[in-house]
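**Student:**
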Amino acid sequence: MTEEEDRVEYADQNSLLRRQFDTVLTEPIPARMYLKRPAWLEYARAAVLVAVGIAIGLAIPLLRPAPANSAIAIIPLPIRAARAHLVYSPEVRHPVEVEAKEQDHLVKWLSKRLDLKLRVPVLTSEGFELLGGRLLPGSDGPVAQFMYQDASGKRLTLYVTRPNKGDEVTAFRFAKEGPVSVFYWIDRDSGYALSGEIDKPTLARVASSVYRQLEP
322 MTEEEDRVEY ADQNSLLRRQ FDTVLTEPIP ARMYLKRPAW LEYARAAVLV
372 AVGIAIGLAI PLLRPAPANS AIAIIPLPIR AARAHLVYSP EVRHPVEVEA
422 KEQDHLVKWL SKRLDLKLRV PVLTSEGFEL LGGRLLPGSD GPVAQFMYQD
472 ASGKRLTLYV TRPNKGDEVT AFRFAKEGPV SVFYWIDRDS GYALSGEIDK
522 PTLARVASSV YRQLEP
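By the numbering used here, the letter at position 156 of the sequence shown is numbered 477, and the numbering carries on one by one without gaps.
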C-alpha cells in the first residue's frame, strides 16, 4: 500500500469515529453528577477524624517511659516498714523465715543479701524477745525484717534497708500509718524503722534502746 493510500485510509477511519462519538461530546451532563454528598456523610467523616485524633492524644502519654524517680516507687521508709509489719506480724505459724535459735545464720544471711553489717538489738530488758527474721523485697533492693514479741503476744518489727532514692538522712523521728506507730531514722548507709501497734511511749522507749545499740 502506498503512502497516499495510507492517508486516505486513516482519513476514512477518523471520519467514522467522529460520526460515532461526536454526539457524546454535545450530550448534557446527567443531573446525578451534580448531586452533593449527603450532609450526614460529611459529619460522619468529621466525627471519625476527631475520634482518631482524641485516641492518639490519649495514647501518647501511655507510650512515654515512666520517669526514673516515679512517685510510685518513692514510698517513705516509715510507710514501707508499717506495711510490712501489717503483713507479717499477724502470722501465727510462719511469722519469720529463720527463727531466733538460728540467729547467727540469720544475721550472716541477711548481712550478705543487703551488703550491710547487720546487728540484732537485744530487747529482753524492754520485755521483748527475738522471734527471728526474714528477707523482704524492696524497691531498691532486699530488706531485712526482725520480729520481736512480748509475754502478752504483742509484736514489734525492726525494718532494715539501704536508703532509697527518696529517703533523706534524718535523726530519730516518729510517724504513724493507720494503726501502726513507727520510730525511724536514716543514716548514710542504712535506714531503720521500729514498728508496732502499741502506745507511743512504750514504742519510744524500745526504739531508744534499739537506736543506742545500733548507732556507733
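Ideal Cβ positions, reconstructed from N, Cα and C, are used throughout, including at glycine.
Nothing here was measured: the structure is a model prediction, and the numbers come from that model.
Taking Ser432 as the reference, give the member of Val443, Leu457, Glu412 with the closest Cα.
**Tutor:** Selected option, being the one with the closest Cα: Leu457.
**Student:** Name the DSSP beta bridge partners of Glu318, please?
**Tutor:** The requested residue 318 is not part of the displayed model; the chain covers only 322 to 537.
**Student:** Going along the chain, which residues of its own chain have a beta-carbon closer than 6 Å to the beta-carbon of Leu398, five neighbours each way excluded?
**Tutor:** These residues qualify, in order along the chain: Asp488, Tyr505, Gly512, Ala514.
**Student:** Identify every residue that forms a DSSP beta bridge with Lys497.
**Tutor:** According to DSSP, which records beta bridges pairwise, Lys497 is partnered with Ser502.
**Student:** Give the secondary structure of Arg455 by DSSP, where H, G and I count as helix, E and B as strand, and everything else as coil.
**Tutor:** Strand, per DSSP.
**Student:** Are Leu439 and Ala465 close, meaning C-beta to C-beta below 9 Å?
**Tutor:** For Leu439 and Ala465, yes; Cβs fall inside 9 Å.
**Student:** Taking C-beta to C-beta, are Leu435 and Val481 nearer than 9 Å?
**Tutor:** The answer is yes: Cβ separation under 9 Å.
**Student:** For Ala528, which option in Arg414, Val428, Ser446, Asp510 has the closest C-alpha, if you only look at C-alpha atoms?
**Tutor:** The residue with the shortest Cα to Cα distance from Ala528 is Ser446.
**Student:** Please report the distance separating the alpha-carbon of Val413 from that of Gly459.
**Tutor:** Spanning the two alpha carbons is a distance of roughly 24 Å.
**Student:** Which residues in the same chain have their Cβ closer than 8 Å to the Cβ of Gly462, if we skip the five residues on either side of it in sequence?
**Tutor:** Around Gly462: Leu435, Thr482, Arg483.
**Student:** What is the rounded straight-line gap between the Cα of Glu498 and the Cα of Trp430?
**Tutor:** Their backbone Cα atoms lie some 29 Å apart in a straight line.
**Student:** Spatial neighbours of Glu418 within its chain, please: C-beta separation below 6 Å, excluding the five flanking residues on both sides.
**Tutor:** Cβ within range, chain order: Arg455.
**Student:** Among the candidates Ser410, Ala421, Thr491, Glu450, whose CA atom is the shortest distance from the CA of Asp471?
**Tutor:** Ranking the options by Cα distance to Asp471, first place goes to Glu450.
**Student:** With DSSP run on the structure shown, which of helix, strand or coil describes Leu431?
**Tutor:** Reduced to three states, the DSSP call for Leu431 is helix.
**Student:** So Ala405 packs on Gly453, CB below 8 Å; how close in whole Å?
**Tutor:** Not really, about 15 Å apart at Cβ, beyond 8 Å.
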